[in-house]
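In the numbering used here, the protein residues as written are 67 to 280. To keep things clear, I will list the structure first and then write my remarks on it.
Have a look at this one:
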C-alpha cells in the first residue's frame, strides 16, 4: 500500500459548537476562535508531511482545510460524502431541548443506538441513519486512498466532522457501522492518525487520536 498514513482533522470551532448545539448537515461557519484554531494548527498538520487534502463540502471544514492548504501549497479536493450526518429536526438544538422533546430517542442515542424504532428517518424529519452516513464517508475514504496508491508514501488529510470522523474510524477498525462503540468525537481542530496494517483485517490501526500539538 502506497498510502502510509491517513489523517482525520476535525474543523475549527463554530457558534453551535460553543453553545453545544447539534450541527449535523447545517452549513454553520467557523467563528473567530475556529479561524484562530485553524491558522494555529495548520503548520503542525503540514509537518506531518501531508501530500493530499480532502474536505467535506461544508464551509466549516473547507475553511479549516484552506488554512492547511495555504501552508502546504496543496490543492483541496472537496467531497460531499465527508460531510456530517444529518440529524433532522435535532439540528440547531442543545441536549436539554432534545431531551425534553424526545426523551426516549435521546436516551437511545446516548447509549449508541439509533434514536427509535423504526429509526431516525421517520421520527426525526430529514434525519439520516448512522450506517448510511458512514457508508458514504467510508466509500470516499477508500476511493481516495486507492487513488493515492500510485505514489509512494502518500499521507492523506481528510478534513471532516466529529461524528463523521469517529464513525468512519470505527468502520476502518472493523467495528459495526450501525452501533457507536465508545470512540469519542475529536475536539475542534484536533486530529487522528491511522496507519496501514499489512496483510491484516482490519487493514488500519490508530497511531494517535485527538491530538492537538505534538
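Glycine included, every Cβ here is placed at the ideal spot set by N, Cα and C. Just so we're clear, the structure is a prediction, and the values are computed from it rather than from any experiment.
Query raised in the report: So, helix, strand or coil for residue 220, using DSSP?
Result: The answer is strand: DSSP assigns residue 220 an E or B state.
Query raised in the report: Of the choices 157, 106, 125, whose alpha-carbon is the least far from that of residue 137?
Result: The shortest Cα separation from residue 137 among 157, 106, 125 belongs to 106.
Requested in this report: Ignore the nearest five residues each way along the sequence and tell me which others in residue 255's own chain have a CB closer than 8 Å to its CB.
Outcome: Contacts found: 75, 76, 77, 78, 79, 100, 103, 104, 106, 107, 130, 278.
Report task. Per DSSP, which residues does residue 71 bridge with? Please list them. Result -> DSSP, once it has assigned bridges, lists 221 as partnering residue 71.
Query raised in the report: Who does residue 160 pair with in a DSSP beta bridge?
Result: Answer is 87, bridged to residue 160.
Query raised in the report: If you drop the 5 nearest sequence neighbours on each side, which residues of the same chain put their C-beta closer than 6 Å to that of residue 220?
Result: Excluding sequence neighbours, residue 220 sits near 68, 69, 117, 214.
Query raised in the report: Ordered along the chain, which non-local residues of its own chain (more than five positions away) have a Cβ less than 6 Å from that of residue 168?
Result: No residues qualify anywhere along the chain.
Query - For residue 80, the three-state DSSP class (helix, strand or coil) - result: DSSP places residue 80 in strand when its eight states are reduced to three.
Query raised in the report: residue 121 by DSSP, collapsed to three states: which one?
Result: Residue state, collapsed to three classes: strand.
Query raised in the report: Terminal residues of the continuous alpha helix (DSSP H) containing residue 234?
Result: Note, residue 234: alpha helix (DSSP H), 228-238.
Query raised in the report: Roughly how many angstroms lie between the CA atoms of residue 188 and residue 112, to the nearest whole one?
Result: Caution is warranted here: a pLDDT of 44 is assigned to residue 188, below 50, making its placement in the model unreliable, and no coordinate value can be reported.
Query raised in the report: Excluding the five sequence neighbours on either side, which residues of its own chain have a C-beta within less than 6 Å of the C-beta of residue 135, listed in chain order?
Result: Cβ-Cβ distances below 6 Å link residue 135 to 119, 142 in the same chain, with the five nearest sequence neighbours on each side left out; the list follows chain order.
Query raised in the report: By DSSP, does residue 116 sit in helix, in strand, or in coil?
Result: The answer is coil: DSSP assigns residue 116 none of H, G, I, E or B.
Report task. Could you name the residues that DSSP lists as bridge partners for residue 262? Result -> According to DSSP, which records beta bridges pairwise, residue 262 is partnered with 270.
**Report entry** Helix, strand or coil at residue 277 [DSSP, three-state]
**Finding:** In the structure shown, residue 277 adopts extended strand secondary structure according to DSSP, grouped into three states.
Query - Anticipated Cβ contact below 8 Å, residue 150 with residue 234, distance rounded - result: Their Cβ separation, rounded to whole angstroms, is 11 Å, which puts residue 150 and residue 234 out of contact at 8 Å.
Query raised in the report: Do you know offhand how far residue 133's Cα is from residue 272's?
Result: Answer to the nearest angstrom: the Cα atoms are 25 Å apart.
**Report entry** Inter-residue spacing [alpha-carbon to alpha-carbon] between residue 73 and residue 145
**Finding:** The straight-line gap from Cα to Cα measures roughly 16 Å.
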